[in-house]
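S.K.: This is the structure I want to talk about, given as structure tokens.
Numbering (the numbering used here), first residue to last: 82 to 330.
The following block contains the structure:
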């Protein structure tokens, strides 16, 4: 099914899949809850977190929806989502043995797709959209805590002390559902910067993409200057439109 990927807005919160609305694995530190490992209203906590990050930092997610059918009045179904934020806004981040996240990076936290509806390349397309958005905003790097195949065998009671804080879940959250697969991240170009048997930290440099964009902008500006010198008065500003469109990517 074809998908359209757009920045997540708070008004679209109710469109997210149930698990995405209720999962607060990254957004709430279980250490502050004491002996109670369940929240009375996890959806409220998740929406409040999204609202806070969007207000203080800007868009922190991408949402993939099916391309609307012009013949139908129904809301197009959500096919997938991906969330990211500054590490200071992610309480769970300090619980990983491979932390902290680099000061110049944004943290990729969670991602999900609807099985049976989303195409196989949707996860990669969503990550590409995240990269484009962060490059546009001048972010230097994107980092993530990945999970290896061995992480699925962990149990809090028998896990090593440095891993136990990661395994403390909330409601229906778990390592399998809430941490992105490390192999997928590597396939997307991430590099392991903090190795770990279960939870490596990976990084994708965005500076090269920033440099490429700056070079293209400079070339377009030169093209615009030359075009303005050669254009008859009243001619359509094609080069200006091209530069404006590129900067808005």
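Beta carbons: idealized from backbone N, C-alpha and C, even for Gly.
1) Do residue 164 and the ligand NAD come close, with the Cβ less than 8 Å from some heavy atom?
2) Can you tell me which of 190, 221, 210 puts its alpha carbon nearest to the alpha carbon of residue 183?
3) What do you get for residue 99, buried or exposed, if any count of 16 or more other CB atoms within 10 angstroms of its CB means buried?
4) Go through its chain and collect everything with a Cβ distance to residue 207's Cβ below 7 Å, but skip five positions before and after it.
5) Taking 7 Å as the limit between beta carbons, can you name the residues of its chain near residue 194, skipping five residues before and five after?
6) Quick check on DSSP: helix, strand or coil for residue 227?
7) Which residue spans inside the segment 125–156 form an unbroken beta strand (DSSP E) run of at least 3?
8) Could you check what DSSP says for residue 109 in three-state terms: helix, strand or coil?
9) For residue 188 and residue 168, which I take to be in contact (beta-carbon distance under 8 Å), what is that distance rounded to the nearest angstrom?
10) Within the same chain, show all residues whose beta-carbon is closer than 8 Å to that of residue 287, passing over the 5 residues directly before and after it, in chain order.
11) When you compare only the Cα positions, how much space is there between residue 109 and residue 123?
12) Please work out which residues of its chain come closer than 8 Å, Cβ to Cβ, to residue 84, disregarding the five sequence neighbours upstream and downstream, and give them in chain order.
13) Which complete alpha helix (DSSP H) runs does the segment 208–271 hold, if anything under 4 residues is left out?
14) Could you give the DSSP three-state label for residue 174: helix, strand or coil?
15) Could you give the DSSP three-state label for residue 121: helix, strand or coil?
16) Closest by CA to residue 240, which one among 278, 88, 273?
17) What first and last residue would you give for the beta strand (DSSP E) that runs through residue 166?
18) Return the chain-ordered list of same chain residues with a C-beta closer than 6 Å to the C-beta of residue 128, the five sequence neighbours on each side being excluded.
19) Kindly indicate the opening and closing residues of the alpha helix (DSSP H) around residue 282.
M.R.: Working from what's here:
1) In terms of ligand content, the structure shown is empty, and the ligand NAD therefore cannot be addressed.
2) It is 221 whose Cα lies nearest to the Cα of residue 183.
3) Exposed, by the Cβ-count rule.
4) Answer for residue 207: 86, 143, 145, 161, 163, 192, listed in chain order.
5) Within the same chain, residue 194 has close Cβ partners 160, 161, 203, 204.
6) Of the three classes helix, strand and coil, the one that applies to residue 227 here is coil, per DSSP.
7) Qualifying beta strand (DSSP E) stretches, in chain order: 142–147.
8) In the structure shown, residue 109 sits in coil (DSSP, three-state: anything other than H, G, I, E or B).
9) About 5 Å; that satisfies the 8 Å criterion.
10) 212, 215, 216, 220, 221, 222, 223, listed in sequence order.
11) A straight line joining the alpha-carbon of residue 109 with that of residue 123 spans about 9 Å.
12) Excluding its 5 nearest sequence neighbours in each direction, residue 84 has C-beta neighbours in its own chain below 8 Å: 145, 146, 147, 148, 160, 161, 199, 200, 203, 206, listed in chain order.
13) Fully enclosed alpha helix (DSSP H) runs of 4 or longer: 245–248, 256–259, 263–268.
14) Of the three classes helix, strand and coil, the one that applies to residue 174 here is helix, per DSSP.
15) Coil, per DSSP.
16) When each option's Cα is compared against that of residue 240, the closest is 278.
17) Segment 159–166, the beta strand (DSSP E) holding residue 166.
18) The answer, listed in chain order, is 94.
19) Taken as a continuous stretch (DSSP letters only), residue 282 belongs to no alpha helix (DSSP H), being part of the beta strand (DSSP E) at 282–286.
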